[in-house]
Structures are given as C-alpha cells and as structure tokens.
Ligand SMILES: [Zn+2]
Ligand SMILES: [Zn+2]
Ligand SMILES: [Zn+2]
Ligand SMILES: [Zn+2]
C-alpha cells in the first residue's frame, strides 16, 4: 500500500520546517564522550521528549545507571522510550536511534561551526553539522512523519514503539541490560524493527542493509627479558621478543588477505544463489573504493569479489605493536615485553568462541615451533558476533517497495563490513528481524569533520520512512 | 718496566686527595645535551684546563664551531688539547676522554643528589655521582698520575698528548673534523693511543678491549592507501601495508638469531686460533648475562658462543614500527604508511656499503614476491663500520703487563657489542693502534641512575694507567 498522497505532499511543502527542526537539534552539542557536554546530552534528551510528547507519543525518560567519564562518576544519558498507537489489528514497529553525537571542534577543519546547521552556500543542498546524518537527521525523519500525520489528521497505519539512547557514540553502556530488563514489559508485542543509523554504499543508490561483520580483537603478548635491552650489548645473545612476535604475526594472513589460521575458512557459510544475485546487483564501481582509499591498492579488481571481501568474508588486519619503538628516529632497543594487535572480522558461521579456539591453538603451536625461551600468550580483548537478517522478511519487502516508490528504483542489498553492536542486542534479546534502512549517503562523513546530510536525502528519507510504514502495514507476513 | 714504586706508594697515600678531585669534577653538571647546562659544560672545560696547567701540561682550548641545541644556535663545547714532554727518545702516547656527562635528575630515582659525589654509607667503597665512571673518573685517573709525578719530582717515562671533548654524550659533533684538521699538526709524532671510556665485562676481572661492532640502522617504508583506513570497511579488500611489512620483517632474522639476508654470513672473517683462545679465556658465566637480562632467555647456554654472539658475530634486531597503532587499547585501524625499523651489528669483514647492498636487494626481491600494490623502500638511516685492533700490538702487551702488576692477574681480552664512534675516528684518521683500557666495572651504570665508580677501581685504575705508561716506555715495538 503506497503512502497516503497527502502525507507526501505535506512533506514537500514543509521542507523548511523540517530543516528548522534539524537545526534546533544540531544546535544542542550532545557529545556523549566528554564530561563538559553532560548537560547538553541531557538537554538533547529533553528536547526529544518535548517534541515527541507534542506529537502525541507517550514518552518515558529512563535512567540506566552511572558510568565513569574522564575520571568522574556521572549519570548515563537516559534512554528515551515512547509509544503511539496500540490497535491490536495493526502491526507494531520498533524504531531505534541515538541522540548523542561524536565530538567536533571548528579548529579540526570544519568549514562552518559544527553545531550550527549550515546550508552549503553553493546550493548543492548539503546541510553541514555534527549529528546531521549521525543520527539526528534520521531520528527527526520519524518525527517529521508523525508531525505530518498529526497536522493532517491522518491515522498512523502501524503502532509504533521507540527507543532512543544517548550513549551510542560512547559504547552504548547498559543499553543491553535495559533491553533485557524491559524484554517482557515495554518491548512486548513488537512485530519487527527498523534502525536508520548506517549509510548508502555510494552517493546515488538507496539500499537495505541485512548483515554486519563481527569482530574478534586479539593481543599476542610476548615477554622474556626483565627489562628493555641495548641491541649492541645483547643483540645476538638472547631470544628477542620482537623477532618472535613478527614471526607469529607473519603467519596470520597473506599479503593477498588469505587468513592462515587453519579451520576458519571452513566455517564460512556457502554463498547461496540468492546472495550471489544480491551481490551482483549492487551498484558499485572499483573507482568508488579507489577514491575512498585514495589509491588503487585493491586486492582484486572484480567488484563482486571486492564487495564480498568487505561484506561477507572474514578478514584479518594487523594493527600495530604496543611496547616496541614507535617514535621517529633510530633507537637501538630490544623491547622486553610487547603486544601485537590484530583483529578478525567475523561472518556467518564464524563465532567468537570457535574462532578464538582456533586462533589460540594456532598461535600456541606456531610459537612452540620457534623454539624461543620467551613467553607467549594470545588474548581476546573484545569479541562481537556477526549478524545476518533475512532479507526476504516482510519488513525488508516493505522497505523494498517503499524505496521503489520514493526513489523510483529497487534498493541495493548491502552488508556492513564493520559492526553496530546495538543491532545484535535488539535482534538477539528480543528475537526480532531488524531492518537497517539508511537515510544518508556514503560520503556523509559521520564521525569526520564536515559531517553533512543532503537536503534531498533528509526530505526523501522522511518520505521513505513514512512509506515504509504504509507498506509494512499492508504487506502479508508470509 | 714496572712502575716506579714511589709512584704506587704516593697513590695509596693520596686517595683522599684523588677522591676530592673527583668530587670537584662531579659537582660541575656538564650535561652536553641540554641548553640549561651550556655554562656548566664550559666551566668543566675551564676546570680541566686549570688542573692540567697546574700539573705542567701545555693546554689549548679549541673552539670547534656551533650547533643547534633545543632550537638555539650555541657554541659546541671546546676541545681541550694538551701535551707534556717532547723527548724524541721516548714514545708518545695519545689519550682521549670526555668531560661532558649524561643528564641526571634526583627524581629519576637517584639515591643521592647526582652532582654530589657520595660515598656509600654502607662502606662498600662505591662513589655515586653522574660522571663518576663515565668519563670523569678515568680522565682524572690520568691527572692523578701526573700529580704524583710532579709532586715526587719524577720524570714521565713517555711523552703525552691529550684530547678531551665535551660532546661525547651528544654525538661528538665536529670532533672528526677537528682530528682531520689537526692530523698533520697537533696529532703528529704519536706512537699509539689509549682510551678509558668503556667497562669490564663483569665486576671482578680487568680487561683490554680490542674490538667494537659497527651498526647499520634501516627503515623499511611501506605505503599505499592515501589515508589510514577502518578495518571494518576496508579489511579484506586492500593490500594492507602492515601485512606486507610484517611479512618482510619476518624474513630478516630467525628466532634463534640467524640473519637471513643472503651473503652476510659469508662476509664474516673466520675465527683464528688466537681469537678462539682469547674468547675461551674470558671470565664469564651464563649467570652474568642472565642477571643482566633479568631472565634466562639466552639463545645458547655456552659461554663462548654467547660471548661471540655479542662481540664477534653480526646480529639483527627488530626495534619497532613507526606509524602503526602503538598505544594501549584496541584500535581497528589499517595504517596507511609505516616504517619498520631494524639494525644490523657489523663485524669484520662486513662493511656498511656491502651489507646495505645485500639488504636493499634482498628486501626488494622479497617485496616483489608478495605481489602487493603498495610501495616499499628500504633506507639506511645510519651506518657505522666495525673496528678491530691488533691485540698483540705492543701497546696491548704493555697494558697486559700493567694489569698483571696492578691486579695480579692477566686481563680478559674483550670486544664491545656496541659502537664507540670516536674510536674509529682516531684509529682511521690518524692510522693508530687504539687501546681501550677500561677503569670501571660492568655494573657501574654509566647512563643510568646511581652511576658509580668503586674507590678500588678509581685508585687501582690510577695505578693501572701509570703502570701502563711505564710498561709502554720499556716495551719493544717488535
Ligand atoms: Zn550512529
Ligand atoms: Zn556514529
Ligand atoms: Zn663515555
Ligand atoms: Zn657515556
């Protein structure tokens, strides 16, 4: 069922109101990772609540405990939950967004003050500002939808529940506990979930995102000498931890990206025909990645292989070494105790646990082969599972139709190479299909200087979210 | 010819005077690497000159140009040269020492103020203070010798020339140019040279040092992406510079210290029977190195192999990586541009040039094998040749006899695993046999907190230097 044409017309006619609302939100510097912005994060929660209440959403401001920020114990930003509509004949949609933002300082290279939403004077339609696309723009997209319906006197086609947090950019602390604790209370009766907190792959093609890679981050810790040694005095007489570490690190991955830890490749789920088709349909040129990287250093020049390398295959990156000489210049030190850091991106059917067992066994075996008197241990410092949704679920089919209606083309089906941990928390704790429905473009620069959202994406994004709601209401669950 | 017994007796009877002289010298904080001590370094030169002059040495204070210190252009500390005696029937001995010291701050963990010579209250005879052993103690040893002879009215058995610098701890800048420029002037008519600026191998056995390893320091620079990348987005799609670098670094040396660069092993001079005998005679226990290292991580448990590993074989150490993630924590970065640092200690017949040619060719060949689109270059950032003196030269034979006379035992014949660049400058520019005749013990802690010299080493060191002078005067040049 296409969206009510009065809704679409209203959106077109109220673009300035919507941009105004975004300007108000961007003006509140709700930086969650910095003690001096604690009040602003709270103010942003209040702003959101007052907006939601004025649009008829029954809202709650929920404390979720305290945390340490720059050495001080402070309240965590509240979780804002809300609901509107409870017609048992309608589907119930859960949406999530975050009202906090990354830090931003004008002197870091911003063209305009980061907390003043600024229209590109060259008329491109770009709206610059911290949080414009991550994640205030998409969150306000939903508020715009509600405002249109309220002012037009239109009934919403679905019941909605909402969950907004203010700690996403600083680790989403305690959100998992909150979801767990409300699992059988607030979070009941939900049919499916939609999150708009990622981006198109390029700058032209709307997409639906149905997968995320997980990540296991490891440290290989090697030690032996009781203190750092001088290579003139001790070079040639002792087992040097750096030599051992480099030997082990060199056995993890080949220069063409092949993971050498035995058993990992075998765990990768085989590619289905449907998946293959979805990857082949993605709008992507090698130029896109060469531009993003700043050079042609891609392992393959095949677009499907490259996309699968990013989205559906595991990868292993060596990040660096803690405790070795890392400054400019020439220091003749034999470091006594070092930590080599690497991570493996996980995809189905790799699990944190199985991969760790394989990695630990392999590193220990390879270290034994070195015949070194040093000590070696390998430690998982962080583990996050991969996630994959069913892209043929009715929620995705509804979003597909909405995209065609708003953009005149079918969406690409993408996966993210990185992780968005809250997705897994909602999906696993509430056992829900989660749709990642991006609003912004691949070049929006979330987390960078000069973050922006294009006016067209903001306005069509509002239509997209509203249209998705209508399609979702109408679509068969089978 | 043994030393004049009156000289030896005088030394025993004037220990307090000698310790007093050392206390005066240590009280001048002549730190050459710090702008706030420039005046003190000058004051130390003046102190040395006035002492030398009062002992009958014809002295010159020679400026050697300027340098930049902490951003300011200042005069280099002067070179102090002196001569005493010019009897054509006597041999002429050149001695070198340095009057500058390493920085020292009480709060770094010194037991006593570093610029106040302090006797260990527990009566061990240790004299704590910055410069006590490196190199003020040994330099004053010579002054003590001169004082004894002057006060006793004894004639010196050799002519002496002296060269003292104030920049040794900060790179000996321009000293090579000074030696070159005075090669046919001040530095003429010299038979041999003695430097006391290194240490016994252990704490009990006097030694003569006849070799130094050289060093080539290299950076392997790998770059490709135009900027640092996020491993979630780009892991699995691009050639990562870290993967390439670790692969190359792993091919340089084995965990048991074998250098893998082809051609280097073949350049090592074969061990002669005399060398073998000298190594086997060295007083050394594996416990010595295990204590120094703080753990048993030696490649071999054979003392001769261990000593040769330190002194007469090349070694390759991997020091670290510049530009990779090196902090505490877990950052998922793919570094775009990195520099792997390693050095090779050189021994005869390895040369800076030949080794560099072998290293560059090998690294380039190995990099090609990787099939990476990144760029790789290997750069020699510093090169220093190895040095080896003839340990059967008459100067060494004289020092051997002097050691037996003063210590009642033959000296060990050692080499240093590190480099002392001034040794090569004197040896090569002036074409001289250089004797390294240490005064202090292996645990003196030059460059560390709580640097000390033992009273016994300082006093017997004075006798040793004087006795060496007598033996040198008498010994046949054949
Ligand atoms: Zn976000
Ligand atoms: Zn973000
Ligand atoms: Zn020294
Ligand atoms: Zn020194």
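Chains as they are written, first to last, in my numbering: chain B, 1 to 478; chain E, 1001 to 1478. Glycine included, each C-beta is placed from N, C-alpha and C at the ideal position.
#### Entry: Inter-residue Cα distance where the pair is residue 272 of chain B and residue 163 of chain B
34 Å
### Query
Closer than 7 Å, CB to CB, is residue 1297 of chain E near chain B or not?
yes
### Message
Just verifying my parser: in three-state terms, what is the DSSP assignment at residue 1213 of chain E?
### Response
coil
### Task
Using alpha carbons as the reference points, say which of E:1265, E:1422 and E:1156 lies closest to residue 1430 of chain E.
E:1422
### Task
Give me whichever residues DSSP pairs with residue 1434 of chain E in a beta bridge.
By DSSP's assignment, residue 1434 of chain E forms a beta bridge with E:1193.
### First and last residue of the uninterrupted alpha helix (DSSP H) at residue 286 of chain B
286-293
#### Entry: Beta-carbon proximity check, residue 1219 of chain E vs residue 1379 of chain E, cutoff 7 Å
yes
### Query
Is DSSP giving residue 1031 of chain E helix, strand or coil here?
strand
### Task
Count the C-beta pairs between the region 319-327 of chain B and the region 1310-1323 of chain E that are closer than 8 Å, then say yes if the count reaches three, no if not.
Contact check between the region 319-327 of chain B and the region 1310-1323 of chain E: three or more CB pairs, one atom from each, fall below 8 Å, which counts as touching.
### Query
Whose CB is closer than 6 Å to a heavy atom of ligand 3? List the residues in chain order.
E:1098, E:1134, E:1135, E:1168 and E:1197
### Query
From the beta carbon of residue 1203 of chain E, is the nearest beta carbon of chain B less than 7 Å away?
Residue 1203 of chain E does not count as touching chain B.
### Task
Using a Cβ-Cβ cut-off of 7 Å, state whether residue 1155 of chain E counts as contacting chain B.
Residue 1155 of chain E is outside the set of residues whose beta carbon lies under 7 Å from a beta carbon in chain B.
### Message
Counting only Cβ-Cβ distances shorter than 9 Å, please list the residues of the region 1316-1330 of chain E near chain D, keeping chain order.
### Response
The structure shown has no chain D; the protein chains it does contain are B and E.
### Query
Using a threshold of 6 Å, is the CB atom of residue 1025 of chain E nearer than that to any non-hydrogen atom of ligand 4?
no
### Query
Unbroken beta strand (DSSP E) runs of length 3 or more, entirely within the region 1286-1372 of chain E: which are they?
Runs of the beta strand (DSSP E) inside the region 1286-1372 of chain E: 1315-1322 and 1337-1346.
### Query
Going by Cα to Cα distance, which pick from E:1440, E:1144 and E:1285 is closest to residue 1021 of chain E?
E:1144
#### Entry: Through-space distance from residue 1236 of chain E to residue 1368 of chain E, alpha-carbon basis
20 Å
### Message
Between the alpha carbons of residue 38 of chain B and residue 107 of chain B, how many angstroms are there, rounded?
### Response
21 Å
### Message
Determine, for residue 1031 of chain E, whether the minimum Cβ-Cβ distance to residues of chain B falls below 7 Å.
### Response
no
### Query
What span of residues does the beta strand (DSSP E) with residue 257 of chain B cover, start to end?
Here residue 257 of chain B belongs to no beta strand (DSSP E), and DSSP marks it neither H nor E.
### Query
Since residue 1250 of chain E and residue 250 of chain B are thought to touch, with beta carbons under 8 Å apart, how far apart are those beta carbons, to the nearest angstrom?
3 Å
#### Entry: residue 1265 of chain E burial status per 10 Å Cβ neighbour count (16 or more: buried)
exposed
### Message
Pairs of beta-carbons, one from the region 406-417 of chain B and one from the region 227-234 of chain B, closer than 8 Å: are there three or more?
### Response
no
### Query
Any heavy atom of ligand 2 closer than 6 Å to the CB of residue 446 of chain B?
yes
### C-alpha gap between residue 1160 of chain E and residue 1017 of chain E, whole angstroms
23 Å
### Query
Whose C-beta lies closer than 7 Å to the C-beta of residue 1054 of chain E among residues of the same chain, with five residues either side of it excluded?
none
### Task
With a cut-off of 8 Å on the beta carbons, I'd call residue 1115 of chain E and residue 1137 of chain E a contact; round off their distance for me.
In fact, because the Cβ distance is near 14 Å, the residues do not count as touching under 8 Å.
### Query
For the region 1457-1475 of chain E, which residues have a CB atom closer than 7 Å to at least one CB atom of chain B, in sequence order?
The residues in question: there are none.
### Task
Identify which residue in E:1299, E:1001, E:1169 and E:1182 has its Cα closest to the Cα of residue 1082 of chain E.
E:1182
#### Entry: Exposed unless 16 or more other CB atoms sit within 10 angstroms - verdict on residue 345 of chain B
buried
### Query
What in chain E is Cβ-close to residue 268 of chain B, meaning under 9 Å?
In chain order: nothing, as chain E lies at least about 12 Å away.
### Query
In the region 1358-1389 of chain E, which residues sit with their C-beta less than 7 Å from some C-beta in chain B, listed in chain order?
Result list: 1370, 1371, 1372, 1373, 1374, 1381 and 1382.
### Query
Is there at least one Cβ from chain E nearer than 7 Å to residue 225 of chain B's Cβ?
yes
### Task
Might you give, ordered along the chain, the residues of its own chain that have their beta carbon closer than 7 Å to the beta carbon of residue 388 of chain B, omitting 5 neighbours on each side?
Closer than 7 Å at Cβ, skipping near neighbours: 210, 211 and 348.
### Query
With DSSP run on the structure shown, which of helix, strand or coil describes residue 484 of chain B?
Since the displayed chain B opens at 1 and closes at 478, residue 484 of chain B lies outside it and no answer follows.
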